[in-house]
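*Asks:* One structure is given below, represented as structure tokens, and several questions about it will come after.
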Amino acid sequence: MKQVVNGLIKQTQTKQRLAVIRLELDYELAVLFEAMQKRERVQMEKSKEILRQLWEQLQKIDRREL
Numbered sequence: 002m003k004q005v006v007n008g009l010i011k012q013t014q015t016k017q018r019l020a021v022i023r024l025e026l027d028y029e030l031a032v033l034f035e036a037m038q039k040r041e042r043v044q045m046e047k048s049k050e051i052l053r054q055l056w057e058q059l060q061k062i063d064r065r066e067l
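The sequence shown begins at 2 in the numbering used here and counts up one residue at a time.
Given below as structure tokens:
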């Protein structure tokens with residue numbers, strides 16, 4: 002029974018983390034878009050790096066759930 006409860010808690014935490022990552026992705030894509038419009042190369046690179054990190058987090062979560 003304890004394993005079932007722990008599994009449900011972990012599943013809920015994973016879903017919450019995915020929701021947060023999606024919000025962070027949306028925000029950072031908006032930042033990147035604005036930087037592209039203003040031709041701010043430094044900000045574009047920062048945003049791309051943040052997006053790469055978020056993508057890696059998504060990949061880790063995906064691998065754990067398989």
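Virtual Cβ for every residue (Gly too), placed ideally from N, Cα, C.
1) Determine, using beta carbons only, whether residue 10 and residue 59 come nearer to each other than 8 Å.
2) How is the alpha helix (DSSP H) around residue 37 delimited, first residue to last?
3) Does the Cβ of residue 57 lie closer than 7 Å to at least one heavy atom of the ligand COA?
4) What residue from 32, 62 and 41 has the CA that sits closest to residue 51's CA?
*Replies:* Straight from the coordinates:
1) The count along the sequence shown starts at 1 and reaches residue 10 at position 9. The count along the sequence shown starts at 1 and reaches residue 59 at position 58. For residue 10 and residue 59, no; Cβs fall outside 8 Å.
2) Your numbering for residue 37 matches position 36 in the sequence shown. In this chain, the alpha helix (DSSP H) harbouring residue 37 covers 3 to 39.
3) For the ligand COA, the structure offers nothing, since it holds no ligand at all.
4) Along the sequence shown, read from residue 1 onward, the residue named residue 51 stands at position 50. Per the C-alpha coordinates, the member of 32, 62 and 41 positioned closest to residue 51 is 32.
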